[in-house]
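Chemist: In the UniProt record's numbering, the protein residues as written are 1 to 167. Glycine included, every Cβ here is placed at the ideal spot set by N, Cα and C. Here it is: the structure, laid out below.
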């Protein structure tokens with residue numbers, strides 16, 4: 001397996017065009033494992049992007065794009081519902097980069113940022129039991145199962161990872 005080198009950048013206004021193209025290009029691929037975002041997401045993307053940047057400026061979320069060695073957007077990794085030292089982790093990697101260690105590396109980097117830059121002490125994440133790839137990414141990054149849940153009508157699990165903020 002050829003592992004891609006990745007770089008995370010905090011979401012900015014100038015990422016909008018590349019992010020929209022990424023989401024459109026991978027829409028069908030993502031819909032195989034997570035609920036589709038719906039047509040409104042794409043139609044209202046410019047407004048939504050501006051609102052997310054405003055919320056990020058307020059500290060309620062931390063969104064990142066994942067770039068390959070050549071600077072192409074190949075994924076995203078986000079921290080949402082930031083409150084009381086904790087946040088919910090979400091991520092997605094495009095089809096062309098899947099299976100090459102991108103999600104594992106991106107999640108590792110956002111965990112580092114969460115502890116050192118954002119001052120968070122813990123992260124939560126959820127996935128369905130049938131999403132073996134997502135479960136592997138979380139477990140490789142030190143997340144442990146804390147409870148069984150139902151997610152989008154399917155059996156799932158909720159994970160937690162404590163972060164070392166002493167660095």
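Less than 8 Å between the C-beta atoms of residue 120 and residue 85, yes or no?
Modeler: Start at 1 with the first residue of the chain shown, and residue 120 comes out as number 120. Start at 1 with the first residue of the chain shown, and residue 85 comes out as number 85. Yes.
Chemist: Using C-beta distances below 6 Å, list every residue in its chain close to residue 109, excluding the 5 sequence neighbours before and after it, in chain order.
Modeler: Numbered from its first residue, the chain shown carries residue 109 at position 109. Result list for residue 109: 8, in chain order.
Chemist: State the beta-bridge partners of residue 78 as determined by DSSP.
Modeler: Here the question's residue 78 lines up with position 78 in the chain shown. For residue 78, which the question treats as bridged, DSSP gives the partners 63, 90.
Chemist: Quick one: what's got a C-beta closer than 8 Å to residue 144's C-beta in the same chain, skipping five residues either side?
Modeler: Taking the first residue of the chain shown as 1, we reach residue 144 at position 144. Here the set comprises 159, 160, 161.
Chemist: State yes or no: is the C-beta of residue 177 within less than 8 Å of the C-beta of residue 137?
Modeler: In the structure as shown, the chain starts at 1 and stops at 167, and residue 177 therefore has no counterpart that could be examined.
Chemist: For residue 63, does the count of other Cβ atoms within 10 angstroms reach 16, so buried, or fall short, so exposed?
Modeler: Along the chain shown, read from residue 1 onward, the residue named residue 63 stands at position 63. By the 10 Å Cβ count, residue 63 comes out buried.
Chemist: Per DSSP, which residues does residue 127 bridge with? Please list them.
Modeler: Position 127 of the chain shown, counted from the first residue, corresponds to residue 127. Answer by DSSP bridge pairing, in chain order: 157.
Chemist: Taking the alpha-carbon of residue 152 as reference, which of 135, 139, 54, 127 has the nearest alpha-carbon?
Modeler: Translated into positions along the chain shown, residue 152 becomes position 152. Among 135, 139, 54, 127, the Cα nearest to that of residue 152 belongs to 127.
Chemist: How is the beta strand (DSSP E) around residue 150 delimited, first residue to last?
Modeler: Counting from one through the chain shown, the residue named residue 150 turns up at place 150. 144-151 is the span of the beta strand (DSSP E), which, as asked, contains residue 150.
Chemist: Can you grab the Cα-Cα spacing for the pair residue 134 / residue 12, in whole Å?
Modeler: Within the chain shown, residue 134 is the residue found at index 134, counting from 1. Within the chain shown, residue 12 is the residue found at index 12, counting from 1. Their backbone Cα atoms lie some 26 Å apart in a straight line.
Chemist: For residue 32 and residue 130, I'd like the C-alpha separation in whole angstroms.
Modeler: For this step, residue 32 is matched to residue 32 along the chain shown. For this step, residue 130 is matched to residue 130 along the chain shown. Their Cα atoms are separated by approximately 11 Å.
Chemist: Can you list, in chain order, the residues of its chain whose CB lies under 7 Å from that of residue 146, leaving out five sequence neighbours each side?
Modeler: Translated into the one-based positions of the chain shown, residue 146 becomes position 146. Counting only Cβ-Cβ distances below 7 Å, and skipping sequence neighbours, we find 158, 159, 160.
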